[in-house]
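S.K.: Sequential numbering from 3 applies to the sequence shown in the numbering used here.
All C-beta atoms, glycine included, are put in the ideal place defined by N, C-alpha and C.
Since we're looking at a predicted model, the values are computed, not measured.
One structure is given below, represented as structure tokens, and several questions about it will come after.
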Amino acid sequence: MANTITFFRMAAGIALLFCPVFSPAFYALYIAAGLSDMLDGFVARKTDTVSKLGARLDTIADFMFVVVCLIKLFPILSIPAWLYIWIGIIALIKVVNIISGFIVQKRFVTVHSVMNKATGALLFLLPLTISTVPVKTSVIVVCAAATFAAIQEGHFIRTGRE
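Take a look at the structure:
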């Protein structure tokens, strides 16, 4: 059941590509995908069906959802170039973490830390708060959290504490 919810998130993320940004359909799919992200792990724990496959699918679904949202939102967000550079640095740290996981642990490593989850929640809220919070402010808060989470994730990977 949990993996089915994760597959739903993947499908909702892909469907977002075909919706105009900030349309009712966009918000409906966006919120449904976000809620499914919280629900799949909860269902897996409650039904005692937690698995490595489920954790990997969750990571893939999260990645797909973030990439689709970036594709949809970046063109319409007005943020300074230095914030794009910061986002690129965070992405680079995440890539280094993936490579480190392969080198250090000889496998694909996923870290579901509290800070990664907090960053995901902040990132999820960003499009929902665009009408009330300046975009630049929101992006700075998300980038600060994401930077800390990415560095912490790298530390956890290198020390074997996932």
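If you draw a straight line from the alpha carbon of A152 to that of A93, how long is it in whole angstroms?
M.R.: Taking the sequence shown and counting its residues from 1, one reaches residue 152 at position 150. Taking the sequence shown and counting its residues from 1, one reaches residue 93 at position 91. Computed Cα separation, rounded: 9 Å.
S.K.: Which whole runs of the alpha helix (DSSP H) in the stretch 74-129 are 4 residues long or more, in chain order?
M.R.: As far as the stretch 74-129 is concerned, its whole alpha helix (DSSP H) runs of at least 4 residues are 83-107 and 116-127.
S.K.: In this structure, how does DSSP classify C145 when only helix, strand and coil are distinguished?
M.R.: Mapped onto the sequence shown, residue 145 falls at position 143. C145 falls in the helix class under three-state DSSP.
S.K.: Three Cβ pairs or more, each shorter than 8 Å: is that satisfied between the stretch 45-53 and the stretch 129-138?
M.R.: Short answer: they don't touch.
S.K.: Could you compute how far the alpha carbon of G90 sits from the alpha carbon of F28?
M.R.: Numbered from 1 along the sequence shown, position 88 holds the residue referred to as residue 90. Numbered from 1 along the sequence shown, position 26 holds the residue referred to as residue 28. Their backbone Cα atoms lie some 25 Å apart in a straight line.
S.K.: Starting from T6, trace the alpha helix (DSSP H) both ways and give me its first and last residue.
M.R.: Counting from 1 along the sequence shown, the entry for residue 6 is found at position 4. Note, T6: alpha helix (DSSP H), A4 to L18.
S.K.: Keeping to the same chain, check which residues put their C-beta closer than 7 Å to that of F150; ignore five residues upstream and five downstream.
M.R.: Residue 150 sits at position 148 when you count from the first residue of the sequence shown. Within the same chain, F150 has close Cβ partners M117.
S.K.: Counting along the chain, where does the alpha helix (DSSP H) carrying F44 start and finish?
M.R.: Residue 44 sits at position 42 when you count from the first residue of the sequence shown. Residues P26 to K48.
S.K.: Per the contact definition of three or more C-beta pairs closer than 8 Å, is the stretch 9-27 in contact with the stretch 61-68?
M.R.: Taking 8 Å as the limit for Cβ pairs, the verdict is that the stretch 9-27 does touch the stretch 61-68.
S.K.: When you compare the CB positions of I73 and L19, do they come within less than 8 Å of one another, or not?
M.R.: Stepping through the sequence shown from its first residue, residue 73 is reached at position 71. Stepping through the sequence shown from its first residue, residue 19 is reached at position 17. Yes, Cβ-Cβ distance for I73 and L19 is below 8 Å.
S.K.: Could you tell me if G15 is buried or exposed, where buried requires 16 or more neighbouring beta carbons within 10 angstroms of its beta carbon?
M.R.: If you number the sequence shown from 1, residue 15 lands on position 13. Classification of G15: buried, given that the 10 Å Cβ count is 16 or more.
S.K.: Considering only residues of the same chain and omitting the five flanking positions on each side of A147, which have a CB-CB separation below 8 Å?
M.R.: Locating residue 147 in the sequence shown gives position 145, where the first residue counts as 1. The answer, listed in chain order, is M117, A120, T121 and L124.
S.K.: Can the beta-carbon of C21 be found less than 8 Å from the beta-carbon of W88?
M.R.: One-based indexing of the sequence shown puts residue 21 at position 19. One-based indexing of the sequence shown puts residue 88 at position 86. The answer is no: Cβ separation not under 8 Å.
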